[in-house]
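Novice:
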Amino acid sequence: MGRIFGTDGARGVACSELSVELAVQIGRAAGMVVSDRVHQRKPRFLIGWDTRISWGLLSSAITAGLCSVGVDVELLGVVPTPAVAYLVRQGGFDAGVMLSASHNPYEYNGIKLFGPTGFKLSDREEEEIESIILDHSRPVMLKTGGEIGSILPAGSQTEDYIRHICDAAPAGLEGLRLLIDCANGSASATAREIFTRLGAQVELIGDRPNGININDRCGSTHIQGLQQWVAAGRYDMGVAFDGDADRCLAVDAEGRLVDGDQIIAILARDLMERGKLKNSTAVVTVMSNLGFFRFAKGAGIQTAVTKVGDRYVLEEMLRGGYNLGGEQSGHIIFLDHMTTGDGQLSAVLLADVLRRSGKPLSELAAVMTVYPQVLLNVRVSAQGKERLEAEEAVWQLVREKEAQMGERGRILVRPSGTEPLVRVMVEGEAEEEIRAAAQEIARKIEECLA
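The number in our numbering is simply the position in the sequence shown, starting from 1, with 753 added.
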C-alpha cells in the first residue's frame, strides 16, 4: 500500500485528510505522469463523481491541477465508478478519475485513477505520482497561455455506458419485478434507465441524493430495509448497490440476503453449464465463505484465492486468464464485459439467470450452504494498525483459537486497506463458538493496538 494511494485509490475525510491542496497536487502529478506517454498533444482526462457534497470542491481542485499542467478535462457528472472505467477505454481517453469513497459515509471522499485501457492506474504510475508530491522528485512545470488545459462537458457518453450494460442481457428482463436500492449514490443516475430499458418492472428506493445521505441507512451496507420491503412487496428480487455502484448484494423474494459469494456461485454455475467459465475457475478472496469452496468442489469449478481487495482479484484474473471473480461484499468482476467491478452489471446478469432458468432466487442461491461467519471491525490507532503484524500477543491468541476449532472453522485477522480498522473474521459450523472466539480476539487487539 502506497503513501497516498491505498488498495482503492486515495481516500479520507474530504477537506481535511483529503484536502483541496492534495487534490490539486494529485491532479498536477497525475497529469505529468500521463503526459510522459502522450506525445505532441494535450492528454485527455475523463472525470466522474458520486453524490457526496464534496464532489464540487474536489472535482474543481483536481481539474484545476490537471489543467495547470496542460491536460484537457471532460466532466461526466454523477456516474458509477465502472462507467468511468468503461468510458475511458471506449472514448480513447488517456486516463480517468473517479471521485468517490464507495461504501464509506458522506464525509469521506476518494480519488481513483484509471489508465487508458480501463484498468486502474498501475502501481508504478501511482508510486511516481506519490514521489512527485511527497519527494519533489520532479519540478512541476505549470503551463501558460494556450498550453493550459481546457474543460468540457462529456456530452452523452453516459448513454454509451448504459447501452453497454443493457447489451449484457440481450433477451431483456421482461416478466421480472425488481426493487432496487441505489444507496442515494451513483446508481441514482443510471439504474432506472437500465432496468426499465431491459423491460423489467422496476421500483427504486434510496434514489434521492442530497449530498449527505449517501450510504445512510440504505444501500448494500444497510440492506435490512430492502429485505423488509422485498418480503412485503411480492418482488422477484431486490438488489442493493453501494455509493459508487461498483458493488451489488441481492435479496430473494422472502427477504433473505444473497451475498457476493452466493451471486458468484450462481453465475459461475450458469457459465460453467454453458461452457463459458474460462479455465473452469472462479477467483475469490480469503474472506469467501467456506460454503463457496465446498460448492465449487462439488460443481467441478476450480477456485483461485487472493488477498482481500478487488485489485488482487483482478490481478489473479488477468494472470490466469479467468473471466469471473469477486468478493463476498458484492464487488464482482466480469472481464468479458468490464475491467472493474460493476454492481449494475452484476444485477443485470443475475436477473438474466432468473429469467432464463425460471427459478426463484432462493432456489438458485441454495447451490451453496452459507456457514456462520462473524466479522468484527476493531478501531485502532494508525500506529497500532502498522504494528499488527508484529504483535505476538494477538497472533498467539489466534493460534490458540484455531487449534481449539480445528477443521470446524477458520480465522482471518487483517488490517483494512482504507480505514483505521483491523478486521476479525471467524467462520465455522458452531455460531456460538465462533462468536466467542471473534470477540476475544477483538478485545485482545483493542488492548494491544488501540
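In this text, a Cβ means the ideal position worked out from N, Cα and C, and glycines have one as well.
1) Short of 7 Å in beta carbon distance, which residues of its chain neighbour R1022, apart from the five on each side in sequence? Order them along the chain.
2) When you compare the CB positions of T1034 and A998, do they come within less than 8 Å of one another, or not?
3) Is the CB-CB distance between P962 and T1092 below 8 Å?
4) Following a CB-centred definition, is V1175 positioned closer than 7 Å to any heavy atom of the ligand FMN?
5) Among the candidates R1167, E1172, A1143, L1128, whose CA atom is the shortest distance from the CA of A1190?
6) Within 8 Å, do at least three Cβ pairs link the stretch 838–851 to the stretch 1034–1043?
7) Which residue spans inside the stretch 1091–1162 form an unbroken alpha helix (DSSP H) run of at least 4?
8) If I follow the unbroken beta strand (DSSP E) through R945, where does it start and stop?
9) Buried or exposed, going by whether 16 or more other CB atoms sit within 10 Å of the CB of V826?
10) Please report the straight-line C-alpha distance between S772 and A907, rounded to a whole angstrom.
11) Give the range of the beta strand (DSSP E) segment to which I933 is assigned.
12) I need the straight-line Cα distance from D995 to I947, nearest angstrom please.
13) Just verifying my parser: in three-state terms, what is the DSSP assignment at E1182?
14) Pairing CB atoms from the stretch 795–810 with CB atoms from the stretch 927–941, are three or more of them under 8 Å?
15) Pick out whichever of I885, T816, H856, G868 has its Cα sitting closest to the Cα of I757.
16) Would a C-beta distance cut-off of 8 Å place A922 and Q1097 closer than the cut-off?
17) Measuring only the C-alpha atoms, how far is L1020 from G902?
18) Looking only at its chain, what residues have a beta carbon closer than 7 Å to the beta carbon of G1137, apart from the 5 residues adjacent to it on each side?
19) Go ahead and pull the three-state DSSP assignment for M990.
20) Could you say which of G1073, G1074, I1085, Y1065 lies nearest to D1012 if we only look at CA atoms?
21) Candidates V777, I1164, S1169, Q843: which alpha carbon is nearest A817's?
22) Whose CA, out of D789, G863, V1061, lies closest to the CA of S769?
23) Which runs of the beta strand (DSSP E) at least 3 residues long sit entirely within the stretch 766–844? Give them in chain order.
24) Could you tell me how far apart the beta carbons of G1008 and Q981 are, in whole angstroms, since I believe they sit closer than 8 Å?
25) What does DSSP give as the partner residue(s) for N862 in the beta ladder?
26) Return the CA-CA distance between V1147 and A814, expressed in angstroms with no decimal places.
27) At the level of alpha carbons, what is the spacing between M1158 and K865?
28) Name the DSSP bridge partner or partners of G1073?
29) Taking contact to mean at least 3 C-beta pairs separated by less than 8 Å, is the stretch 848–864 in contact with the stretch 758–767?
30) Ignoring anything shorter than 3 residues or poking outside the stretch 1016–1078, list the beta strand (DSSP E) runs there in chain order.
31) Taking DSSP as the reference, what is the three-state secondary structure of G1013?
32) Hey, how far is the Cα of G1073 from the Cα of V1066?
33) Would M990 be called buried (16 or more neighbouring beta carbons within 10 Å of its own) or exposed?
34) Let me confirm a value: N1076 is counted as buried when at least 16 other C-beta atoms fall within 10 Å, else exposed. Which label applies?
Specialist: Put simply:
1) A1052, V1120
2) no
3) no
4) The model depicted lacks the ligand FMN and carries no ligand whatsoever.
5) L1128
6) no
7) 1096–1110, 1114–1118, 1135–1140, 1145–1158
8) Not the beta strand (DSSP E): R945 falls in the alpha helix (DSSP H), residues 944–950.
9) buried
10) 26 Å
11) 930–934
12) 17 Å
13) coil
14) yes
15) I885
16) no
17) 44 Å
18) L1202, A1203
19) strand
20) I1085
21) V777
22) G863
23) 797–802, 825–831
24) 6 Å
25) G765
26) 42 Å
27) 40 Å
28) None; G1073 has no bridge partner.
29) yes
30) 1034–1038, 1055–1059
31) helix
32) 11 Å
33) buried
34) buried
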